[in-house]
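K.L.:
Pasting in a structure now, in C-alpha cells, and then I'll have a few things to ask.
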Amino acid sequence: MDVMKLCIILCVLFVAVQSIKVKLLERCSSNDNCPSQSSCIERGCDGRMCICENTYMPSESDNPTCVKITEIGDKCDAGSRCRGLYSRCNDTGYCVCNHGYTEVVSRINITYCKQKPIFQTKPLLLGQSCGKGNSFCADGFQTTECRRGVCECIDGYRPANLPEINSYPFHLLQCVPGEFSIGKSKLLFIGLNLLLDMP
1 MDVMKLCIIL CVLFVAVQSI KVKLLERCSS NDNCPSQSSC IERGCDGRMC
51 ICENTYMPSE SDNPTCVKIT EIGDKCDAGS RCRGLYSRCN DTGYCVCNHG
101 YTEVVSRINI TYCKQKPIFQ TKPLLLGQSC GKGNSFCADG FQTTECRRGV
151 CECIDGYRPA NLPEINSYPF HLLQCVPGEF SIGKSKLLFI GLNLLLDMP
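For what it's worth, UniProt numbering labels the leading residue of the sequence shown as 1, then goes sequentially.
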C-alpha cells in the first residue's frame, strides 16, 4: 500500500471518529459529537462532555435531548422542562414547585424550589438578608454562610455564574471553588464533584 492511500484512509478514519455522536453528559471530542443545542465543553475532572447550551437542559428520558428551560411560574409544555429539581409542569401548563417545596429566588434572579422548612426557619440564597433567628443560609453543600447579615460564599469559594449553574442542571449550585471555570481542567474540580455527589 502506498503512502498516499494510507494517508487517505487515516484521514477518513479520523473524520469518522470525530463525527461520532454521543449522548448528553457523555465524553466528546468536538461540538460535532454532541446533540442539537449542546456543546462539547471541558467540565473539570469529567473531561470534555456534551453540555446543553445556557437556556437548555437535558430532558427526562433514557436518551435525553436538550429542551428549553422554563422558569418557575412560566408557561410550560412537552417541549420544555421546568428549572431545577423538585419542580414540575402542572395541569394548567405552568412550572410550579412540587408539594412540600417552596420558591426561593437566587441572587441572579433564578427561582428554585427548595424543601419547605420543618420548623419556622427560612432557607436563604446568596445575597439575601440573614441572621434573624428564623432564617439560615443554605445551598445543600455548606458553601454559604451568614456574614454581616447577608448570605455569602465561604472563604475559597465565589458565586457561580449562569454557564456554571447550567452545566450542573440537577444541583442547586450557588458557590464554586474560587478557581473553578467551565472549560478548564484542574484538580480543584475533584472538590466540586465530591461536593455535588453529596446526599
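Backbone N, C-alpha and C define an ideal beta-carbon position, used for all residues, glycine too.
Remember, it's a predicted structure, so these values are computed and weren't measured experimentally.
Can you tell me whether P163 is helix, strand or coil according to DSSP?
P.N.:
Your numbering for residue 163 matches position 163 in the sequence shown. If DSSP states are grouped into helix, strand and coil, P163 belongs with the helices.
K.L.:
What residue from N166, I165, R158, I182 has the CA that sits closest to C175's CA?
P.N.:
Along the sequence shown, one-based indexing puts residue 175 at 175. Nearest option by C-alpha distance: R158.
K.L.:
With a threshold of 16 other CB atoms inside 10 Å of the CB of I20, please say whether the residue is buried or exposed.
P.N.:
What you label residue 20 is simply residue 20 of the sequence shown in a count that begins at 1. By the 10 Å Cβ count, I20 comes out exposed.
K.L.:
Check the Cβ-Cβ distances between E152 and every residue of chain B, and say whether any is below 9 Å.
P.N.:
No chain B appears in this structure, which consists of one protein chain only.
K.L.:
Per DSSP, which one or two residues make a beta bridge with K75?
P.N.:
On the sequence shown, residue 75 is found 75 positions in, with the first residue counted as 1. According to DSSP, K75 bridges with Y94.
K.L.:
Verify whether the separation of the beta carbon atoms of Y101 and C113 is less than 9 Å.
P.N.:
Locating residue 101 in the sequence shown gives position 101, where the first residue counts as 1. Locating residue 113 in the sequence shown gives position 113, where the first residue counts as 1. Yes, the pair counts as a contact, with Cβ atoms nearer than the cut-off.
K.L.:
Assuming L162 contacts I108 under a Cβ cut-off of 8 Å, what Cβ separation, rounded to an integer in Å, is found between them?
P.N.:
Within the sequence shown, the letter at position 162 stands for residue 162. Within the sequence shown, the letter at position 108 stands for residue 108. Correct: roughly 7 Å between the Cβ atoms.
K.L.:
Let me know the secondary structure DSSP gives G191 once reduced to three states.
P.N.:
Locating residue 191 in the sequence shown gives position 191, counting from the first residue. Residue placement at G191 is flagged as unreliable, the pLDDT there being 45, under the threshold of 50; a coordinate-derived value is accordingly withheld.
K.L.:
Report all residues from its chain with a CB closer than 7 Å to the CB of N54; omit the five preceding and five following residues, and keep chain order.
P.N.:
Sequence index remark: in the sequence shown, residue 54 carries index 54 (1-based). The answer, listed in chain order, is L162, P163, N166.
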